[in-house]
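Per our numbering, residue 10 is the first one in the sequence shown, and the count goes up by one each step. Reading through the structure tokens given below for one structure.
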Amino acid sequence: MAYIELFAQKGKIEADIKGEKILFKSSGADSDSGHWPTEYVIAALGSCFSGSLFAYAKNKNYPLEKVILKIKSNLGSAPSRIQSIHINVELIGNLTLEEKERLIQAGERGCTVMNTLRGGVEIIETHLSS
Numbered sequence: 010m011a012y013i014e015l016f017a018q019k020g021k022i023e024a025d026i027k028g029e030k031i032l033f034k035s036s037g038a039d040s041d042s043g044h045w046p047t048e049y050v051i052a053a054l055g056s057c058f059s060g061s062l063f064a065y066a067k068n069k070n071y072p073l074e075k076v077i078l079k080i081k082s083n084l085g086s087a088p089s090r091i092q093s094i095h096i097n098v099e100l101i102g103n104l105t106l107e108e109k110e111r112l113i114q115a116g117e118r119g120c121t122v123m124n125t126l127r128g129g130v131e132i133i134e135t136h137l138s139s
């Protein structure tokens with residue numbers, strides 16, 4: 010379970026994740042520090058996917074040395090959202106084509122962020138603090 014506190018005021022949006030501060034841009038709060046929230050979503054996807062690749066490679070004793078991801082996303086409107094994500098994957102190591110294909114399949118299956126983006130979140134609730 011994740012727990013994050015977020016503080017927003019004009020000019021600054023800051024998340025506290027286990028004591029680490031992360032800054033966000035937002036046109037609504039006139040903040041220009043950090044990155045756009047959608048960029049963090051894409052970075053989280055890449056981090057999760059590459060971690061899943063390394064976990065599978067370790068389990069199968071594949072000589073995966075490095076993963077390079079180039080991720081492009083496109084925004085949609087009505088409602089505002091990330092409409093599409095394209096990931097170009099480069100796997101570096103003495104791997105056969107079959108091993109690379111298995112890695113990609115396992116990475117897609119094992120990545121929690123990818124599974125969430127593909128399937129959607131079942132419940133998102135907003136509650137006003139008293």
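Glycine residues also receive a C-beta, built at the ideal position from the N, C-alpha and C atoms.
Inset, instruction - Run the CB neighbour count on G116, radius 10 Å, all protein chains shown included, and call it buried at 16 or more, exposed below. - result: Counting from 1 along the sequence shown, the entry for residue 116 is found at position 107. Flag for G116 reads buried.
Legend entry - Close Cβ partners of G43 (< 6 Å) along its chain, the five nearest in sequence each way excluded: The sequence position of residue 43 within the sequence shown is 34, counting from 1. Excluding residues within five positions, the ones whose Cβ falls inside 6 Å are L32, F33 and K34.
Inset, instruction - Look at L84 and T47 and say whether their C-beta atoms are less than 8 Å apart. - result: For this step, residue 84 is matched to residue 75 along the sequence shown. For this step, residue 47 is matched to residue 38 along the sequence shown. Going by C-beta atoms, L84 is nearer than 8 Å to T47.
Legend entry - Residue(s) in a DSSP beta bridge with Q18: By one-based count along the sequence shown, residue 18 stands at place 9. Answer is K21.
Inset, instruction - For Q13, count neighbouring Cβ atoms within 10 angstroms of its own Cβ and tell me buried if that reaches 16, exposed if not. - result: Locating residue 13 in the sequence shown gives position 4, where the first residue counts as 1. Sequence inspection shows Ile at residue 13; the Gln mentioned does not correspond to that position. By the neighbour-count rule (16 or more Cβ atoms within 10 Å), I13 is not buried but exposed.
Inset, instruction - Under 6 Å Cβ to Cβ from E23, same chain only, skipping five residues before and after it: list those, please. - result: Taking the first residue of the sequence shown as position 1, residue 23 is located at position 14. F16, K30 and L32.
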